[in-house]
Amino acid sequence: GVVFELPVKLPEYLTEEITSMALKAYKVLGMKGMARIDFLVDSNNVPYLGEPNTLPGFTNISMYPKLFEEVGIPYTDLITKLIDYAMERYDHKKTLLHKHD
């Protein structure tokens, strides 16, 4: 079965390995902005990348906002941060667009 445990209790070395794997996957896939990268861990503490979620859910049972709440970022602050980031990306992209005749 699947167990959802927040905060997850993993050995520090495993947390570091999963974090490293997630960052590598994020970069290799060219992801930008928000994402949630899911992992499965077997009984021998071997992590397996499950799937990247580029549009994680925001329902009352969604893991993405719950993860941020666990580290002290309330739902409304998370939404504000994501909007601010999107606006920054939009402003940056406008500077890259050029009109050609």
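In the working numbering, each number is its position in the sequence shown, counted from 1, plus 1. Where is the CB? At the ideal position from N, CA and C, for every residue including glycine. A quick note: this is a predicted structure, and the numbers were derived from the prediction, not measured.
Does any heavy atom of the ligand PLP sit closer than 7 Å to the C-beta of residue i?
| i | result |
| --- | --- |
| Tyr91 | Of ligands this structure carries none, so the ligand PLP is not represented either. |
In its own chain, which residues sit with a C-beta less than 6 Å from the C-beta of residue i, not counting the 5 before and 5 after it?
| i | result |
| --- | --- |
| Ala23 | Ile38 |
| Val42 | Pro48 |
With a Cβ-Cβ cutoff of 8 Å, do residue i and residue j count as a contact?
| i | j | result |
| --- | --- | --- |
| Pro48 | Phe40 | yes |
| Leu79 | Phe69 | yes |
| Pro53 | Leu30 | yes |
| Glu71 | Leu7 | yes |
| Val87 | Leu50 | Checking the sequence shown, residue 87 turns out to be Ala, not Val. No, Cβ-Cβ distance for Ala87 and Leu50 is not below 8 Å. |
On the CB-based measure, 16 or more other CB atoms within 10 Å of its CB, does residue i come out buried or exposed?
| i | result |
| --- | --- |
| Pro1 | Examination of residue 1 is not possible in this model, given that the chain is present from 2 through 102 alone. |
Indicate the three-state DSSP secondary structure (helix, strand or coil) for residue i in the structure shown.
| i | result |
| --- | --- |
| Leu50 | strand |
| Leu7 | coil |
| Phe59 | coil |
| Val29 | helix |
| Ile19 | helix |
| Pro66 | helix |
| Ile84 | helix |
Residues bridged to residue i by DSSP?
| i | result |
| --- | --- |
| Arg37 | Asn54 |
| Val42 | Pro48 |
Output needed for residue i: all residues of its chain with C-beta closer than 8 Å, excluding positions within five of it in sequence on either side, in chain order.
| i | result |
| --- | --- |
| Lys33 | Arg90 |
Ignore the nearest five residues each way along the sequence and tell me which others in residue i's own chain have a CB closer than 7 Å to its CB.
| i | result |
| --- | --- |
| Glu18 | Pro48 |
Please decide whether residue i counts as near chain C, where near means a Cβ-Cβ distance under 8 Å.
| i | result |
| --- | --- |
| Ala23 | Included in the structure is just one protein chain, with no chain C present. |
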